[in-house]
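Number of protein chains: 2
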Amino acid sequence: MKQRILVVEDDSAIRQGIVDSLKFKGFEVFEAKTGLQGLEMAISSDCNLVLLDLILPGKDGLEILREVRLTRPALPVIILTAKGDESDRVQGLQLGADDYVVKPFSVKELLARVEAVLRRSAERPLDVKDFEVPGGKADLARRELRFEDGTRRELSEREMELLRYLVCNPGRAISRDEILARVWRIPAGRMETRTIDMHVVRLREKLRDDPDSPKVLLTIRGKGYMFAAT
Amino acid sequence: MKQRILVVEDDSAIRQGIVDSLKFKGFEVFEAKTGLQGLEMAISSDCNLVLLDLILPGKDGLEILREVRLTRPALPVIILTAKGDESDRVQGLQLGADDYVVKPFSVKELLARVEAVLRRSAERPLDVKDFEVPGGKADLARRELRFEDGTRRELSEREMELLRYLVCNPGRAISRDEILARVWRIPAGRMETRTIDMHVVRLREKLRDDPDSPKVLLTIRGKGYMFAAT
DNA sequence: GCGTTCTTTTACAGTTCCGTTACACTCCAC
DNA sequence: GTGGAGTGTAACGGAACTGTAAAAGAACGC
Numbered sequence: 015m016k017q018r019i020l021v022v023e024d025d026s027a028i029r030q031g032i033v034d035s036l037k038f039k040g041f042e043v044f045e046a047k048t049g050l051q052g053l054e055m056a057i058s059s060d061c062n063l064v065l066l067d068l069i070l071p072g073k074d075g076l077e078i079l080r081e082v083r084l085t086r087p088a089l090p091v092i093i094l095t096a097k098g099d100e101s102d103r104v105q106g107l108q109l110g111a112d113d114y115v116v117k118p119f120s121v122k123e124l125l126a127r128v129e130a131v132l133r134r135s136a137e138r139p140l141d142v143k144d145f146e147v148p149g150g151k152a153d154l155a156r157r158e159l160r161f162e163d164g165t166r167r168e169l170s171e172r173e174m175e176l177l178r179y180l181v182c183n184p185g186r187a188i189s190r191d192e193i194l195a196r197v198w199r200i201p202a203g204r205m206e207t208r209t210i211d212m213h214v215v216r217l218r219e220k221l222r223d224d225p226d227s228p229k230v231l232l233t234i235r236g237k238g239y240m241f242a243a244t
Numbered sequence: 015m016k017q018r019i020l021v022v023e024d025d026s027a028i029r030q031g032i033v034d035s036l037k038f039k040g041f042e043v044f045e046a047k048t049g050l051q052g053l054e055m056a057i058s059s060d061c062n063l064v065l066l067d068l069i070l071p072g073k074d075g076l077e078i079l080r081e082v083r084l085t086r087p088a089l090p091v092i093i094l095t096a097k098g099d100e101s102d103r104v105q106g107l108q109l110g111a112d113d114y115v116v117k118p119f120s121v122k123e124l125l126a127r128v129e130a131v132l133r134r135s136a137e138r139p140l141d142v143k144d145f146e147v148p149g150g151k152a153d154l155a156r157r158e159l160r161f162e163d164g165t166r167r168e169l170s171e172r173e174m175e176l177l178r179y180l181v182c183n184p185g186r187a188i189s190r191d192e193i194l195a196r197v198w199r200i201p202a203g204r205m206e207t208r209t210i211d212m213h214v215v216r217l218r219e220k221l222r223d224d225p226d227s228p229k230v231l232l233t234i235r236g237k238g239y240m241f242a243a244t
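The listed protein sequences derive, respectively, from chains G and Y.
Numbers given in the numbering used here equal positions in the first sequence, counted from 1, plus 14.
Numbers given in the numbering used here equal positions in the second sequence, counted from 1, plus 14.
Here it is in structure tokens:
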């Protein structure tokens with residue numbers, strides 16, 4: 015099966031060069047010219063790797079990276095930087111970039127790094143950080159909640175993703191539209207059904223959150239759901 | 015879904031240039047020639063972003079910005095300034111402008127800033143500050159009042175907006191017409207019903223304000239309502 | 001295939017919001 | 001005190017929103 019790579023780069027000459035060489039190597043390639051576009055494609059297309067220019071019009075590449083990590087924490091990312099930007103590079107790696115390539119780079123070097131990162135990521139299916147929930151913590155790898163009293167509850171994939179997204183945005187009401195876009199990854203979707211609500215019901219139950227007056231996953235009427243900060 | 019942008023600029027040549035390039039980029043565009051008109055449109059139209067010239071006939075751009083913030087605290091605003099006006103720029107940012115562009119500017123630069131600001135505001139739909147009320151404070155995100163004794167009372171969206179508007183104008187009697195225009199956002203509305211009064215009743219109750227001799231939300235007979243200055 | 005588990009849809013009940021109406025009451029000028 | 005304008009508030013009802021059971025559909029492993 016073809017690996018899918020997303021290239022986010024505003025300079026069309028450079029982008030074209032990268033795209034061509036990747037296609038020549040047998041990858042399926044998506045292109046984005048802006049940070050905004052790149053972010054959306056990284057979330058909605060199921061690419062396996064992102065090549066991300068840090069200097070982009072509109073939105074900074076590091077910001078893109080940060081946001082992509084919210085929805086796809088394990089998506090491999092290689093950042094492209096100009097020679098000088100050492101601090102950006104460091105920041106990028108801290109944000110979970112898997113590697114970086116300094117411009118100008120040779121096609122050969124780029125391809126080598128791409129393949130190296132893909133190989134590595136294949137062996138490491140998930141290195142996502144676990145996170146805390148009130149009274150316990152969430153274990154991403156096992157997909158379960160572990161409470162301090164030792165009890166455990168399994169979560170389904172979707173439940174885990176929804177919970178993680180809410181927990182990563184504490185204190186902010188998340189609209190159903192945003193949840194659809196970022197967790198379900200269906201971009202413009204109209205909300206007709208109660209799918210999200212059902213997942214919240216189940217999450218509350220597993221989190222032992224009283225549905226009649228929830229303390230963890232709050233309902234903000236007319237706005238959406240919110241993970242209660244602290 | 016199209017983003018809606020309001021352009022407030024008196025110079026028709028400049029305004030037309032901006033409007034055209036925004037439309038070309040697929041935005042829906044509203045225009046205002048004067049500050050007053052701009053203020054009304056910013057409040058009553060549901061635009062997502064305002065481009066605001068600071069030098070306007072009639073009413074100063076900074077004044078407009080201040081008033082817009084009362085009703086729509088999170089509405090993204092980019093201010094347009096002439097080269098020299100550094101102090102205006104600083105003041106604008108202090109008033110909560112999201113970015114500024116110095117005239118003369120290139121279309122490309124303007125568009126880049128517009129997209130950056132829209133993007134930022136989409137992910138951070140609310141960074142509005144909570145505010146104090148006697149005996150406690152108002153938590154915007156949770157939409158509740160938290161009193162110093164630890165008790166909480168939930169507010170509806172409208173109640174919160176009304177309270178915020180009154181609190182932001184302490185010591186000034188606000189007429190029902192102004193409340194309708196700025197909180198209900200219905201421009202011309204005649205007052206036929208007791209809707210506003212009912213909301214005040216409910217607010218007083220939640221604020222624990224004695225309706226027989228209110229200390230927090232005062233009735234100014236013949237004028238309107240007033241939040242008692244500290 | 002077949003059962004199991006997860007996810008989505010449907011349907012409906014319950015809740016909340018909020019504008020309206022009706023009426024009592026207050027204030028004030030006369 | 002009288003009358004009228006202004007205000008307080010109980011009560012109602014429609015609309016919008018949310019919670020949840022149950023059924024239907026998908027995905028997966030065996």
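Beta carbons are placed, not taken as given, at the ideal position from N, Cα and C, and that holds for glycine.
Could you round the C-beta distance between residue i and residue j to whole angstroms and report it? I think they count as a contact, below 8 Å.
i	j	result
methionine 55 (chain Y)	phenylalanine 44 (chain Y)	6 Å
arginine 65 (chain Y)	threonine 95 (chain Y)	First, the residue type needs correcting, since residue 65 (chain Y) is leucine and not arginine in the sequence shown. 12 Å between Cβ atoms; not a contact.
leucine 169 (chain G)	lysine 220 (chain G)	6 Å
aspartate 24 (chain G)	threonine 48 (chain G)	7 Å
Among the options, whose alpha-carbon lies nearest the alpha-carbon of residue i?
i	options	result
glutamate 162 (chain Y)	Y:Thr85, Y:Leu109, Y:Gly150, Y:Ser227	Y:Gly150
glutamate 171 (chain G)	G:Gly164, G:Arg190, G:Leu159, G:Gly185	G:Leu159
valine 33 (chain Y)	Y:Leu124, Y:Leu50, Y:Leu177	Y:Leu124
valine 181 (chain Y)	Y:Gly236, Y:Glu219, Y:Phe145	Y:Phe145
arginine 157 (chain G)	G:Glu173, G:Pro148, G:Gly164, G:Val147	G:Glu173
alanine 195 (chain G)	G:Glu81, G:Gly236, G:Ser135	G:Glu81
tyrosine 239 (chain Y)	Y:Arg222, Y:Gly110, Y:Asn183	Y:Asn183
serine 120 (chain Y)	Y:Leu231, Y:Gln17, Y:Asp24, Y:Leu36	Y:Leu36
arginine 18 (chain G)	G:Leu76, G:Leu132, G:Arg29, G:Gly185	G:Leu132
glycine 185 (chain G)	G:His213, G:Leu231, G:Gly164, G:Ile193	G:Leu231
alanine 243 (chain Y)	Y:Leu89, Y:Arg29, Y:Pro148	Y:Pro148
valine 22 (chain Y)	Y:Ile78, Y:Lys122, Y:Val104	Y:Ile78
serine 189 (chain Y)	Y:Asp223, Y:Arg218, Y:Gly52, Y:Arg235	Y:Arg235
lysine 16 (chain G)	G:Gln30, G:Leu53, G:Gly52, G:Cys61	G:Cys61
phenylalanine 241 (chain Y)	Y:Ile193, Y:Ile200, Y:Gly52	Y:Ile193
proline 71 (chain Y)	Y:Ala46, Y:Asp191, Y:Arg83, Y:Lys122	Y:Ala46
leucine 84 (chain Y)	Y:His213, Y:Val104, Y:Leu53, Y:Gly164	Y:Leu53
Quick one: is residue i near chain G, going by C-beta distance under 7 Å?
i	result
alanine 155 (chain Y)	yes
phenylalanine 241 (chain Y)	no
Distance cutoff 7 Å, beta carbons only. Does residue i sit that close to anything in chain Y?
i	result
proline 71 (chain G)	yes
glycine 185 (chain G)	yes
glycine 236 (chain G)	yes
aspartate 24 (chain G)	no
Taking only the alpha-carbon atoms, compute the straight-line gap between residue i and residue j and give it to the nearest angstrom.
i	j	result
arginine 127 (chain Y)	lysine 39 (chain G)	37 Å
proline 228 (chain Y)	aspartate 211 (chain Y)	14 Å
serine 101 (chain Y)	aspartate 74 (chain Y)	14 Å
arginine 166 (chain Y)	proline 225 (chain Y)	20 Å
isoleucine 57 (chain Y)	alanine 27 (chain G)	44 Å
arginine 216 (chain G)	valine 91 (chain Y)	40 Å
leucine 63 (chain G)	leucine 20 (chain G)	6 Å
tyrosine 179 (chain G)	arginine 208 (chain Y)	42 Å
tryptophan 198 (chain G)	alanine 155 (chain Y)	24 Å
arginine 86 (chain G)	valine 115 (chain Y)	34 Å
leucine 109 (chain Y)	alanine 130 (chain G)	49 Å
aspartate 153 (chain G)	glycine 106 (chain G)	25 Å
lysine 237 (chain G)	glutamine 30 (chain G)	42 Å
isoleucine 93 (chain G)	serine 59 (chain G)	19 Å
arginine 218 (chain G)	threonine 233 (chain G)	11 Å
glutamine 51 (chain G)	aspartate 223 (chain Y)	51 Å
aspartate 113 (chain G)	alanine 88 (chain G)	13 Å
lysine 117 (chain G)	alanine 111 (chain G)	16 Å
isoleucine 200 (chain Y)	glycine 164 (chain G)	56 Å
glutamate 206 (chain Y)	histidine 213 (chain Y)	15 Å
arginine 134 (chain G)	leucine 76 (chain G)	22 Å
Can you pull out the residues from the region 158-175 of chain Y whose beta carbon lies closer than 7 Å to at least one beta carbon of chain G?
Glu171
Which residues, taken in chain order from the region 104-126 of chain Y, show a beta carbon closer than 9 Å to some beta carbon of chain G?
Going along the region 104-126 of chain Y in chain order, one finds Lys122, Leu125, Ala126 with a Cβ nearer than 9 Å to chain G.
Under 9 Å, CB to CB, which of the residues in the region 50-83 of chain G have a partner in chain Y?
Leu50, Leu53, Pro71, Gly72, Lys73, Asp74, Glu77, Glu81
Looking at chain G, which residues of the region 16-46 of chain Y have a Cβ within less than 9 Å of any of its Cβ atoms?
none
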